[in-house]
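Heads up: the sequence shown is residues -3 to 370, going by our numbering.
Notes for the one structure printed next.
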Amino acid sequence: MSKLQGRRARWLVSLAPFVAACGGGGAFPLTLEVKDGLVTEGRRPDELVLLVKTVPGAELTFEGQTRAVGDKASESFAVPKAGLKLGKNTLAVSGKRGVFLSKEDAKAEVSWEGSAKSFVRFVPTGGDGALGSLSCGGAMCGGTAFKIGKNGRVALDVESFVPGWITMGGRRESVTASGKKGFEIDVTGALGGLLLSQRDALVTPILFEVGSDKANETLTLTGPVLMELLATELARVSTAPVAFAKESPAPTSAVPRGVAVIGVPGQKLLVVGKPVKVEDLDWVAVAKPAERFFSCGGASKSANGIEYLDLEVSVFERRTARKLHEKKLMADRVACPNTPIAGAIKANVREADITRAVTEFMTPQPMRKVTLSQ
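And the structure:
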């Protein structure tokens, strides 16, 4: 064996463990990585980025594209999503390079899982925002502010990167690659489906179909405006029944499953009892302020004193608007300041006192035993 042949044999033997670690097939390494253009800065959202790391001087081929990496030993390919599918997609790269008087070949594959999050985006289309706006975060959001119109709906476009079908809000529409389709989300109509434990999040189910493949996903819009709209809707119970589209029947038990309290200082809505869905609420308590002033050395509210903000709490059966209970709660007592201050100190009813009072209403009272005299 010549010295040149001996050196070449030792070089190939030392390379073999590195090839196995990379998972490539052939005499030199190919390492593949896939990134989604939706979340990769400077890339198009309708394509994937296939990154290839190899050795200097290699020539790479992917889907008919051939590129020489030169000394940088890395290359990237754009993969249009229009040619991909839901589920498993296999991307294969082959390479070759000249070594001494011969050529070496290598192959590598990587799998990428196609999902609705990778193929679909939701883009707000304006609106008057009369009722506020909701925020959207994540790969499927093509905007951050989704405005609620005076009709209680959010208008948006569904943008797809592959041809297929979108089902959302009871509508099923076809979409083309890089095409858009207009949809609406009925925010006020969906209030009944909100969870009281997560009432700042509106979750809309989505079905995306590509050929015979299907993927279920959700679009989540968030914002405190949901609680404001809900509080406004529930407060109507003092004058009329409040109904929701998919609500369950009233319980046969005298104990309500959940109670929402409207008008609590510092918050739009207080939940007492189980954090059920809004449409399963049995009672609504409406708290209205009843002010009184205690003077600490002055005749008016602008003088040094304490403004007590008591609450008159009325409990209604939501489905019938029938008043069940009422009680006046006194604001927490506070002491007059030692030194004069401008204006009046405000004192509110403690949240714990509100919760305690409503809980007592929810607790069935034992029947009194009456003994008849003979």
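Glycine is no exception: its CB is placed at the ideal position from the N, C-alpha and C atoms.
Source: prediction; values computed, not measured.
Where residue i and residue j are concerned, what is the direct C-alpha to C-alpha distance, given to the nearest angstrom?
i, j, result
"residue 328", "residue 284", "16 angstroms"
"residue 305", "residue 152", "43 angstroms"
"residue 211", "residue 286", "54 angstroms"
"residue 214", "residue 267", "26 angstroms"
"residue 18", "residue 67", "The pLDDT assigned to residue 18 is 42, lower than 50, so where the model puts this residue is not dependable; a value taken from the coordinates is nonetheless given after this. Going from the Cα of residue 18 to the Cα of residue 67 covers about 20 angstroms."
"residue 205", "residue 165", "15 angstroms"
"residue 245", "residue 238", "13 angstroms"
"residue 48", "residue 41", "20 angstroms"
"residue 90", "residue 119", "38 angstroms"
"residue 133", "residue 300", "48 angstroms"
"residue 344", "residue 197", "29 angstroms"
"residue 201", "residue 256", "26 angstroms"
"residue 53", "residue 160", "42 angstroms"
"residue 230", "residue 282", "9 angstroms"
"residue 249", "residue 357", "14 angstroms"
"residue 69", "residue 25", "10 angstroms"
"residue 80", "residue 347", "55 angstroms"
"residue 130", "residue 185", "15 angstroms"
"residue 84", "residue 139", "28 angstroms"
"residue 34", "residue 264", "37 angstroms"
"residue 110", "residue 37", "20 angstroms"
"residue 355", "residue 320", "13 angstroms"
"residue -1", "residue 97", "Low confidence applies to residue -1: its pLDDT is 45, below 50, so where it sits in the model is not reliable, and the reading given next is rough at best. Distance between the alpha carbons of residue -1 and residue 97 is about 16 angstroms."
"residue 158", "residue 183", "28 angstroms"
"residue 330", "residue 339", "15 angstroms"
"residue 272", "residue 216", "19 angstroms"
"residue 50", "residue 142", "45 angstroms"
"residue 43", "residue 64", "22 angstroms"
"residue 323", "residue 113", "51 angstroms"
"residue 310", "residue 39", "57 angstroms"
"residue 100", "residue 167", "55 angstroms"
"residue 335", "residue 262", "27 angstroms"
"residue 247", "residue 188", "17 angstroms"
"residue 62", "residue 125", "51 angstroms"
Going by alpha carbons, who is nearest to residue i out of the options?
i, options, result
"residue 75", "65, 69, 250 and 60", "60"
"residue 277", "265, 263, 261 and 253", "253"
"residue 154", "127, 121 and 290", "121"
"residue 72", "57, 82 and 139", "57"
"residue 31", "24, 98 and 108", "108"
"residue 218", "203, 322, 64 and 194", "194"
"residue 55", "23, 92 and 83", "92"
"residue 243", "175, 314 and 310", "314"
"residue 233", "35, 318 and 167", "318"
"residue 28", "102, 38 and 216", "102"
"residue 177", "183, 184 and 169", "169"
"residue 224", "334, 192 and 94", "192"
"residue 292", "240, 341, 359 and 272", "341"
"residue 179", "187, 162, 247 and 311", "162"
"residue 360", "50, 251, 45 and 175", "251"
"residue 236", "280, 289 and 307", "280"
"residue 172", "207, 188, 64 and 86", "207"
"residue 23", "240, 157 and 94", "94"
"residue 82", "307, 209 and 339", "209"
"residue 316", "45, 335 and 240", "240"
"residue 175", "187, 156 and 260", "156"
If residue i sits next to residue j, beta carbons under 8 angstroms apart, how far is it from one beta carbon to the other, in whole angstroms?
i, j, result
"residue 372", "residue 136", "In this structure the chain extends from -3 to 370, so residue 372 is not present and cannot be described."
"residue 77", "residue 115", "6 angstroms"
"residue 190", "residue 274", "5 angstroms"
"residue 227", "residue 258", "5 angstroms"
"residue 199", "residue 144", "Rounded, the Cβ-Cβ distance is 16 angstroms, inconsistent with contact."
"residue 308", "residue 289", "Not a contact, Cβ separation roughly 17 angstroms."
"residue 87", "residue 106", "5 angstroms"
Output the residue ranges of the alpha helix (DSSP H) runs that lie fully inside the stretch 25 to 78 and measure 4 residues or longer, sorted by chain position.
The alpha helix (DSSP H) runs lying completely inside the stretch 25 to 78 and spanning 4 residues or more number zero.
Indicate whether the contact test is met: 3 or more Cβ pairs, each with one atom in the stretch 340 to 352 and one in the stretch 257 to 276, closer than 8 angstroms.
With three or more CB-CB distances shorter than 8 angstroms, the stretch 340 to 352 counts as touching the stretch 257 to 276.
Would you mind listing the alpha helix (DSSP H) stretches within the stretch 97 to 148 that are 4+ residues and don't spill past its ends, in chain order?
Entirely contained in the stretch 97 to 148, the alpha helix (DSSP H) runs reaching 4 residues are, in chain order, 112 to 115.
Continuous beta strand (DSSP E) assignments of at least 3 residues falling wholly in the stretch 232 to 272
Fully enclosed beta strand (DSSP E) runs of 3 or longer: 254 to 258 and 265 to 269.
Ignoring anything shorter than 3 residues, give me the beta strand (DSSP E) runs that lie fully in the stretch 313 to 347, in order along the chain.
Every beta strand (DSSP E) of 3 residues or more that sits fully in the stretch 313 to 347 is shown, in chain order, as 318 to 325 and 340 to 344.
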